[in-house]
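Protein sequence lines correspond, in order, to chains F and Y. The numbering of the first sequence is this note's numbering, which starts it at 3 and goes up by one. The numbering of the second sequence is this note's numbering, which starts it at 1312 and goes up by one. Even for Gly, the Cβ is constructed at its ideal location relative to N, Cα and C. This one's a predicted model, so the numbers in the text were calculated from it and none came from an experiment. This report refers to the structure that appears directly beneath it.
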Amino acid sequence: MTAKGPSQATAPEYSAMVRRAKLRLLQMHYESGVGHIGGNLSAIDALLHLHHRVMGPNDRFVLSKGHAAGALYVTLWTTGELGEEQLETFHRDGTRLAGHPVPGWTPGIRVATGSLGHGVSFGAGMALARRLRGEPGQIYCLTSDGEWQEGSTWEALTFANHQRLHNLTIVVDVNGLQGFGTTSEVASLDDVAERVRAFGATVTEIDGHDPSALAAALPATAGGLNVVLLRTHKGNGVSFMQDRMEWHYLPLTDELYARAIEELGGA
Amino acid sequence: MRNFACRRWVELSSQRELVFLTGDLGFNALEPLAEALGERFINAGVAEQNMVTVAAGLCAEGMSPWVYSIAPFCYARAYEQIRNDVCLHKLPVKLVGNGGGYGYGVMGGSHHALEDYGVLLALPHLRAFVPAFRTDVGPAVDRMAAARCPGYLRLGRCEWGEQTEPPEYAPWRHLLAGDGPVCVAVGPLAGSLVRAAEALPKSERPDVWVVAELPIDVPTLPDELVHALRRTGSLCVAEEHVARGSVGRALVAALASEGIVIGRFAHVHARGYPSGTYGSQRFHRRQSGLDPSSLLEQCRSLGARA
Chain F
3 MTAKGPSQAT APEYSAMVRR AKLRLLQMHY ESGVGHIGGN LSAIDALLHL
53 HHRVMGPNDR FVLSKGHAAG ALYVTLWTTG ELGEEQLETF HRDGTRLAGH
103 PVPGWTPGIR VATGSLGHGV SFGAGMALAR RLRGEPGQIY CLTSDGEWQE
153 GSTWEALTFA NHQRLHNLTI VVDVNGLQGF GTTSEVASLD DVAERVRAFG
203 ATVTEIDGHD PSALAAALPA TAGGLNVVLL RTHKGNGVSF MQDRMEWHYL
253 PLTDELYARA IEELGGA
Chain Y
1312 MRNFACRRWV ELSSQRELVF LTGDLGFNAL EPLAEALGER FINAGVAEQN
1362 MVTVAAGLCA EGMSPWVYSI APFCYARAYE QIRNDVCLHK LPVKLVGNGG
1412 GYGYGVMGGS HHALEDYGVL LALPHLRAFV PAFRTDVGPA VDRMAAARCP
1462 GYLRLGRCEW GEQTEPPEYA PWRHLLAGDG PVCVAVGPLA GSLVRAAEAL
1512 PKSERPDVWV VAELPIDVPT LPDELVHALR RTGSLCVAEE HVARGSVGRA
1562 LVAALASEGI VIGRFAHVHA RGYPSGTYGS QRFHRRQSGL DPSSLLEQCR
1612 SLGARA
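Structural data, given as structure tokens:
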């Protein structure tokens, strides 16, 4: 099973599911003592939206920012594809839920990633295959903003635009922070929207944590190759993590975990 | 060999899943294929990393993609894409590198492929095909197409004479009987070696073999070759590839694991650019001792030490 197709959940039911997912994500990272939580919290709203409210059985999802694997695992837990017992293996010996997605074990993870700058090309290949065979379905690819420093991402954008792969939607988690600085300090990436637009794509910019903005932007209905830039916050929803670079890496202590749970509306 | 490959791809073009991606190469050679495939022939432009991963995406959705470029642009530029997106996913993407070894001659080191199958065979699942003769290309393409694993095709130039047909394709072939040491050549240079060696009497020439599929796999070694090696204990391996990751080293290790000890071993391999000067493929082979007369001399001295 991949996505369940557009969810029939009411707004309150959906919000409750989102809250549960974020708490489970936090718990997973706390119990395994691993970092990368910041970039998971910036991406999870979009992941949940795509899997619950956008994608149907013919669609595919590619997580180009493989370091948001935890958010993808939790998303697949909310759709019922992964069980609680599988989440409990996260980062442990013998797991399939590695720090970055590994291939060949569940339909919701068709593409293994982790090295940045691969996902858009992979998604473009999938989209091209669909077009050559006249098959329906949309390919969604979620990238980080930092990986727009990889030349291969621009190669992929050039290709996807030239091939008119309108069955590919690229979603960018623009949290503005990367491994060792802001995207502005490291690569003057403040104008990523203009750069992407200059390659011929149709660019939409939205608040990546606002459910109604996500609903308006995805699925993308504008013509052409759609790139949706999500303005997000690393560590979104947890005050001591939000927009702080160190939460690209840091694990949670007992005290901070308790605070984070409280802030995300947990017990 | 490229034209023979093109001919075979054209013959296969009716297979609806076949997609051919080129990194902006193939002028004056691949036009018939472009014509035959229509929208399934894609010039992916000068962007090899994207091209390889696009092929992986196509393959993941059930297509059979072939990826073509000058050899180093195919395997070296896009190595991480081959590693992560093709091999770790065990996708049967077919990579084609034109100009194996020093094939691009005086074009310089950027265009040479001296470590291609070594680095690629370090990756999981991949098989490499090094057709030796013009008539090998069709069967090698067919075997790659049928394999459910990633493949790499190293294309060179056929060095077998025009007067006779080359021997029928097989992964291992005994090309010329000789009383000297066993000499295994990798790919096309076997042709030049045979042409030089057959002028010698049997008593003075090596026992020449060619290998065209890698990696070296002990159970697939022909019994006749194993017997010859057990009997003589001497082996010369000639290949247009550097020593690291080479067939020579892999073969000796494989034989040793079977208890076959090679007492006298000569490995003639690509030595890069020892003089710091550049020239034709023939020039570079000579510099590495891979020209037929140097190879025969190497075999003679190996035999003399018996």
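Query, Result
"Counted within 10 angstroms of its Cβ, other Cβ atoms place Asn1314/Y as buried (16 or more) or exposed", "exposed"
"Reduced DSSP category for Thr206/F - H, G, I as helix; E, B as strand; rest coil", "strand"
"Sequence-distant residues of the same chain with beta carbon closer than 8 Å to Cys1460/Y, five excluded per side", "Lys1401, Pro1403, His1436, Leu1437, Arg1438"
"Per DSSP, the bridge partner or partners of Pro1376/Y", "Val1330/Y"
"Where the beta strand (DSSP E) containing Val173/F begins and where it ends", "170 to 176"
"Boundaries (first-last residue) of the beta strand (DSSP E) holding Thr145/F", "141 to 146"
"Cα-Cα separation, Thr4/F to Tyr251/F", "Its pLDDT being 44, under 50, Thr4/F is placed unreliably in this model, and the value from its coordinates should be taken loosely. The straight-line gap from Cα to Cα measures roughly 29 Å."
"Local conformation of Lys1401/Y per DSSP, three classes", "coil"
"Closer than 7 Å at the beta carbon, the chain F residues around Ala1355/Y", "Phe161"
"Proximity test, Cβ basis, 8 Å: Leu43/F and chain Y", "no"
"Contact set between Leu275/F and chain Y, taken where Cβ atoms lie within less than 9 Å", "Outside the modelled stretch of chain F, which goes from 3 to 269, sits residue 275/F, for which no answer is possible."
"Gly37/F, DSSP secondary structure in three states", "coil"
"For Val173/F and Val205/F, the rounded distance between their alpha carbons", "10 Å"
"Rounded separation between Leu1504/Y and Gly1583/Y - CA only", "21 Å"
"Under the three-state DSSP convention, the category Arg1454/Y falls into", "helix"
"Gly139/F and Asn169/F closer than 8 Å at C-beta", "yes"
"8 Å Cβ cutoff met for Tyr1463/Y and Gly1408/Y", "yes"
"Contacting residues, own chain, Cβ-Cβ under 6 Å from Gly37/F (five flanking each side not counted)", "Tyr251, Leu252, Pro253"
"Closest Cα partner of Lys1405/Y within the set Ala1443/Y, Leu1425/Y, Met1362/Y, Glu1426/Y", "Met1362/Y"
"The stretch 135 to 153 of chain F / the stretch 1415 to 1434 of chain Y touching (three or more Cβ pairs under 8 Å)", "no"
"Straight-line gap, Val194/F to Val1495/Y (C-alpha atoms, nearest Å)", "55 Å"
"Same chain, Cβ closer than 8 Å to Asp175/F, five either side skipped, listed in chain order", "Gly41, Ser44, Ala45, Ala48, Lys67, Ala70, Leu144, Thr145, Ser146, Asp147, Gly210, Leu232, Thr234"
"is_contact[Pro105/F, chain Y] using C-beta, thresh 8 Å", "yes"
"Chain Y within 8 Å of Arg112/F, Cβ atoms only", "yes"
"Contact with chain F by Asn1314/Y, beta-carbon distance below 8 Å", "no"
"Any chain F beta carbon closer than 8 Å to Asn1339/Y", "no"
"8 Å contact criterion, which Ser1375/Y and Glu1328/Y should meet: CB distance rounded", "4 Å"
"Ile1573/Y vs Gly1544/Y beta-carbon contact at 8 Å", "yes"
"Under the three-state DSSP convention, the category Cys1460/Y falls into", "coil"
"Meets three-Cβ-pair contact criterion under 8 Å: the stretch 1342 to 1355 of chain Y and the stretch 1470 to 1483 of chain Y", "no"
"Ala1638/Y and Gly1491/Y closer than 8 Å at C-beta", "The structure shown does not extend to residue 1638/Y, since chain Y spans only 1312 to 1617, so no value can be given for it."
"As assigned by DSSP and simplified to three states, the class of Leu1323/Y", "helix"
"Lys6/F versus Val76/F: straight-line alpha-carbon distance, rounded", "In this prediction, Lys6/F has a pLDDT of 47, which is less than 50 and means its spatial position is unreliable; nothing more can be read from the coordinates."
"Identity of the residues DSSP links to Cys1547/Y by a beta bridge", "Cys1494/Y, Ala1577/Y"
"Under 7 Å by beta carbon: chain Y residues contacting Gly125/F", "Gly1368"
"Boundaries of the alpha helix (DSSP H) in which Leu1344/Y is found, first to last residue", "1342 to 1348"
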